[in-house]
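Here is the structure we will look at, set down as structure tokens.
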Amino acid sequence: MERHEFHDMLQQNRICGNERSRLIEKCQENGWLKVGGYDWQDDPFLEEYPYEFSRIDDIDALREYFERGNWTIRQGVVFDDLAFVNQVNGGDEWWTLKRDGEGWLAFESTSFAFVIEAKGRDAFDTLVRSMQLATPAQCRSLDYYDAEATVKWDIAHKALAAEHGRTLAQRAADARDAASALSSRSAGPHRESPSID
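For any residue, its number in this note's numbering is found by taking its place in the sequence shown, counting from 1, and adding 378.
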């Protein structure tokens, strides 16, 4: 994707409202991201970087986001139930959050551009899919990595995509057939089970 197209996509998917407010509130728990944080303690008038968050729905676009690099501090992206906020200006240190109910659980600091460059696309995909598949409790205990996460994700979502790819009429016909089969079984003759003495 061309640079301007990519930035247009981020602008169109800008997060605002309550979701943005909750992310900013969560950032106040991080000394690198909070208002008056470490970078601005000596001169608070230099604090000029706003909180900006966008949503990305495709893992290839997420990978491209991190590969582009040089993001300013407080820029972030939400991907499914994960959020990543850059905590080093122009760097590659992403505060990693997992949605936990209505809030966010901070559980990791990840250098995604390094993972992509040093270990490759598959390693990146496996890392992100592991984070997605993990429960908040697994993330909290840092027990979220699963070497088979990409395969598990693909299997689960291919079945889901196949179901969603079927028309509403097809799904309704299947539901009617299942209901009919169930009612014909329940309408059939009943035998008393022998009593056990």
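Note that the Cβ used here is the ideal one computed from N, Cα and C, for glycine as well.
**Exposure of C394, with buried meaning 16 or more beta-carbon neighbours within 10 Å** = Of the residues assessed, C394 falls on the exposed side of the cut-off, its CB having fewer than 16 other CB atoms within 10 angstroms.
**Message:** Please classify T488 as buried or exposed, where buried requires at least 16 other C-beta atoms within 10 Å of its C-beta.
**Reply:** Classification for T488: buried.
**Prompt:** How many angstroms separate the CA atom of L411 from the CA atom of R452?
**Reply:** Taking C-alpha positions only, L411 is separated from R452 by approximately 6 Å.
**Asked** Looking at C-alpha atoms only, which residue of M387, D459, N448 is the closest neighbour of Q465?
**Response** Among M387, D459, N448, the Cα nearest to that of Q465 is on N448.
**Asked** Quick one: complete alpha helix (DSSP H) runs, 4+ long, within the region 423–451?
**Response** Qualifying alpha helix (DSSP H) stretches, in chain order: 437–446.
**Which listed residue (Q406, E495, K476, D435) has its alpha carbon closest to that of C517** = Comparing C-alpha distances from C517 to each of Q406, E495, K476, D435 shows the shortest one belongs to K476.
**Prompt:** For the beta strand (DSSP E) that contains V455, what are its first and last residues?
**Reply:** In this chain, the beta strand (DSSP E) harbouring V455 covers 453–457.
**Prompt:** What are the start and end residues of the beta strand (DSSP E) that includes N464?
**Reply:** Here the beta strand (DSSP E) through N464 covers 460–464.
**Item:** Assigned secondary structure, K476 (DSSP; H/G/I helix, E/B strand, else coil)
**Value:** It is a strand residue.
**Item:** CB of Y427 within 7 Å of CB of T450, strictly
**Value:** Cβ atoms of Y427 and T450: closer than 7 Å.
**Prompt:** Secondary structure at A486, three-state DSSP: helix, strand or coil?
**Reply:** Sequence check: residue 486 is Glu here, not Ala. Of the three classes helix, strand and coil, the one that applies to E486 here is strand, per DSSP.
**Message:** By alpha-carbon positions, which one of K536, W473, A491, F492 ends up nearest to L483?
**Reply:** Looking at the Cα atoms, W473 is the closest of the given residues.
**Prompt:** Out of curiosity, what's the CA-to-CA distance linking G498 and G415?
**Reply:** Cα to Cα, G498 sits roughly 33 Å from G415.
**Prompt:** What do you reckon, are the CB atoms on F431 and R400 nearer than 7 Å?
**Reply:** For F431 and R400, no; Cβs fall outside 7 Å.
**Asked** When DSSP builds the beta bridges, which residues end up paired with R392?
**Response** Beta-bridge pairing by DSSP links R392 to S432.
**Message:** Using only the alpha-carbon positions, how far apart do E486 and Q406 sit?
**Reply:** Each residue's alpha carbon lies about 16 Å from the other.
**Request:** Could you tell me the distance, in whole angstroms, from the CA atom of A501 to the CA atom of D478?
**Result:** Cα to Cα, A501 sits roughly 25 Å from D478.
**Request:** State the Cα-Cα distance for the pair N391 and A525, rounded to the nearest angstrom.
**Result:** Between N391 and A525, the C-alpha separation is close to 31 Å.
**Request:** May I have the straight-line CA-CA distance separating G481 from M379, to the nearest angstrom?
**Result:** Their Cα atoms are separated by approximately 32 Å.
**Beta-bridge partners of G481, as assigned by DSSP** = Note: G481 sits in a beta bridge opposite D478.
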